[in-house]
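Position one of the sequence shown corresponds to residue 9 (this note's numbering), numbered consecutively onward. Only one structure is covered here, and it is reproduced in the block below.
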Amino acid sequence: MVPPTAVSEAAAADSAVSIKDPVKDTILTPRFYTTDFDAMAAMDLRPNEAELEAICEEFRKDYNRHHFVRNGEFDGAAEKLDPKTREVFVEFLEQSCTSEFSGFLLYKELSRRIKTRNPLLAECFAHMARDEARHAGFLNKSMSDFGLQLDLGFLTANKKYTFFKPKYIFYATYLSEKIGYWRYIAIFRHLEKNPDSKIFPIFNFFENWCQDENRHGDFFDALMKAQPDTVRGFRARLFCRFFLLAVFATMYVRDVARKEFYEALGLDAREYDRMVIDKTNETSARVFPVVLDVKNPKFWDGLENLVNNNAALAAADASSAPAPLKLVRKLPHWLANGVQMASLFLMSPVRSDEYQPAVR
9 MVPPTAVSEA AAADSAVSIK DPVKDTILTP RFYTTDFDAM AAMDLRPNEA
59 ELEAICEEFR KDYNRHHFVR NGEFDGAAEK LDPKTREVFV EFLEQSCTSE
109 FSGFLLYKEL SRRIKTRNPL LAECFAHMAR DEARHAGFLN KSMSDFGLQL
159 DLGFLTANKK YTFFKPKYIF YATYLSEKIG YWRYIAIFRH LEKNPDSKIF
209 PIFNFFENWC QDENRHGDFF DALMKAQPDT VRGFRARLFC RFFLLAVFAT
259 MYVRDVARKE FYEALGLDAR EYDRMVIDKT NETSARVFPV VLDVKNPKFW
309 DGLENLVNNN AALAAADASS APAPLKLVRK LPHWLANGVQ MASLFLMSPV
359 RSDEYQPAVR
């Protein structure tokens with residue numbers, strides 16, 4: 009497999025492809041993470057070692073080794089998109105590539121740093137890094153069809169890294185992988201029924217792709233079960249609620265803001281996100297002690313308030329007002345977002361052993 013950095017270097021040598029400047033970091037853009045490698049290496053896997061070994065064996069089989077191979081359908085596909093669809097689709101590719109590459113960097117570094125002290129855990133992370141690198145490279149190659157690519161080497165060296173304790177990494181990456189599964193499989197199934205809305209051949213790969221995401225999520229599920237304090241007790245319930253809310257709110261606000269991309273696929277961004285959030289919440293109930301009450305209309309009203317505040321913040325940023333005046337205009341919306349997130353967090357959660365999946 010050609011690593012993503014090699015793909016970006018090849019792109020730089022091709023005069024027809026430009027290196028795209030990365031988007032400005034915001035609360036909605038993908039982040040790069042680092043963690044306490046010593047604490048990760050010292051983890052005792054014995055409480056759930058058999059399941060982790062079984063998952064590692066699944067990784068070793070590398071079911072998608074030969075899946076991500078471009079074919080003739082990509083030839084000329086970019087030229088068929090109108091300018092607006094092209095713009096929102098390239099944005100989707102960039103955000104997705106950055107997110108996948110973030111996972112690659114974290115998993116690769118974890119594998120390298122803990123290899124001698126926790127070989128089973130290190131091997132699992134190495135296999136997941138392989139998958140994420142493959143995804144990122146495939147996405148970045150698709151960007152080159154539009155004359156652009158990300159310089160992944162530059163991102164590695166220059167993007168800010170957020171430190172998370174290992175258990176925070178577990179919550180965040182578990183949810184990222186599981187929500188990624190539901191996002192990709194929902195788009196694949198929709199386009200299977202509506203082939204005229206398939207704007208680019210990359211969507212043909214989403215069914216197998218999302219199975220990688222699902223296996224990664226299963227790994228973090230097993231890892232949390234091997235560290236019982238991450239899913240048991242009062243503090244664990246608070247952290248589960250917090251990360252569920254953070255992931256759901258970020259996705260909803262981001263997707264509604266770029267609803268034109270989903271419209272190009274024949275989807276309504278709000279309906280799509282409701283389904284993805286509901287299914288991810290249901291999946292999370294298998295490992296988290298509590299989940300969010302996403303059947304409560306107040307939950308969705310709160311997310312809409314966040315959407316409106318985010319739109320107001322974007323409008324303030326886009327105005328020609330001086331920077332100090334922009335800050336004054338944005339402050340009430342920041343405060344409103346903080347109050348709204350607190351209100352959503354304080355909503356009564358649902359105990360996982362009492363969770364009733366929605367009927368669809």
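Even glycine gets a Cβ: it sits at the ideal position worked out from N, Cα and C.
Alpha-carbon to alpha-carbon, residue j and residue i
i    : j    : result
Y179 : F251 : 7 angstroms
R197 : Q364 : 24 angstroms
K32  : R359 : 38 angstroms
R142 : I193 : 18 angstroms
D226 : P330 : 49 angstroms
C1   : N126 : With the chain running from 9 to 368 in the structure shown, residue 1 is simply not present.
L156 : T43  : 32 angstroms
K267 : R278 : 8 angstroms
P332 : C248 : 37 angstroms
L160 : S110 : 10 angstroms
E57  : H341 : 47 angstroms
E215 : E81  : 17 angstroms
E362 : L300 : 12 angstroms
L118 : F133 : 7 angstroms
Y115 : T37  : 19 angstroms
P220 : M232 : The residue you asked about is not Pro; residue 220 is Asp in the sequence shown. One C-alpha to the other measures close to 19 angstroms.
A137 : K88  : 33 angstroms
R68  : V336 : 54 angstroms
I177 : A244 : 13 angstroms
Cβ neighbour criterion (16 or more within 10 Å) applied to residue i
i    : result
L147 : buried
T106 : buried
A257 : buried
I373 : Not covered by the structure: residue 373. The range shown for the chain is 9 to 368.
W217 : buried
K173 : exposed
A144 : buried
R200 : The sequence as given places Glu at residue 200; Arg does not occur at that position. Classification for E200: exposed.
H135 : buried
I35  : exposed
A350 : exposed
T170 : exposed
P357 : buried
S16  : In this prediction, S16 scores a pLDDT of 44, lower than 50, which makes its location untrustworthy; no coordinate-derived value is stated.
Where residue i sits in the DSSP three-state scheme
i    : result
R359 : strand
K167 : coil
T124 : coil
I27  : strand
Y270 : helix
Y71  : coil
F76  : coil
T43  : coil
Q157 : strand
E302 : It should be noted that the sequence gives Val, not Glu, for residue 302. Here V302 sits in coil by DSSP.
A321 : Reading the sequence as shown, one finds Leu at residue 321 and not Ala. In the structure shown, L321 sits in a helix (DSSP, three-state: H, G or I).
Contacting residues, own chain, Cβ-Cβ under 8 angstroms from residue i (five flanking each side not counted)
i    : result
K334 : A324, D325, S327
F353 : R249, F250, L253
Own chain partners of residue i with C-beta closer than 6 angstroms, once the 5 adjacent residues on each side are dropped
i    : result
N202 : G274
S150 : L101, I210
N181 : In the sequence under discussion, the amino acid at residue 181 is Thr, which differs from the Asn named in the question. Only F228 meet the Cβ criterion.
Other residues of its chain near residue i: CB distance less than 7 angstroms, five sequence neighbours each side excluded
i    : result
F76  : R142, F146, F213
E66  : R223
F154 : A86, R94, V98
F346 : For the record, residue 346 in the displayed sequence is Gly; it is not Phe. Contacts found: none.
V3   : Given a span of 9 to 368 for the chain in the structure shown, any question on residue 3 remains unanswerable.
A21  : The pLDDT assigned to A21 is 43, lower than 50, so where the model puts this residue is not dependable; a value taken from the coordinates is nonetheless given after this. Result list for A21: empty, nothing under 7 angstroms.
Residue i beta carbon near the ligand GTP (any heavy atom closer than 7 angstroms)
i   : result
D83 : Looking at this structure, you won't find the ligand GTP or any other ligand, since it has none at all.
Cβ contact check for the stretch 117-129 and the stretch 43-50: 3 or more pairs under 8 angstroms: The answer is yes - the stretch 43-50 touches the stretch 117-129, with three or more Cβ pairs under 8 angstroms.
At least 3 beta-carbon pairs within less than 8 angstroms: the stretch 271-279 vs the stretch 203-214: Because the criterion of three Cβ pairs below 8 angstroms is met, the stretch 271-279 and the stretch 203-214 touch.
Sufficient close CB pairs (3 or more, under 8 angstroms) joining the stretch 311-326 to the stretch 250-264: Taking 8 angstroms as the limit for Cβ pairs, the verdict is that the stretch 250-264 does touch the stretch 311-326.
Meets three-Cβ-pair contact criterion under 8 angstroms: the stretch 83-103 and the stretch 161-168: Not touching, per the Cβ criterion.
Three CB pairs or more closer than 8 angstroms across the stretch 286-297 and the stretch 180-192: Yes, since at least three Cβ pairs between the stretch 286-297 and the stretch 180-192 fall closer than 8 angstroms, the two stretches touch.
Segment contact flag, the stretch 291-306 with the stretch 237-255, C-beta cutoff 8 angstroms, min 3 pairs: Contact between the stretch 291-306 and the stretch 237-255 is present: 3 or more CB-CB pairs across the two stretches fall below 8 angstroms.
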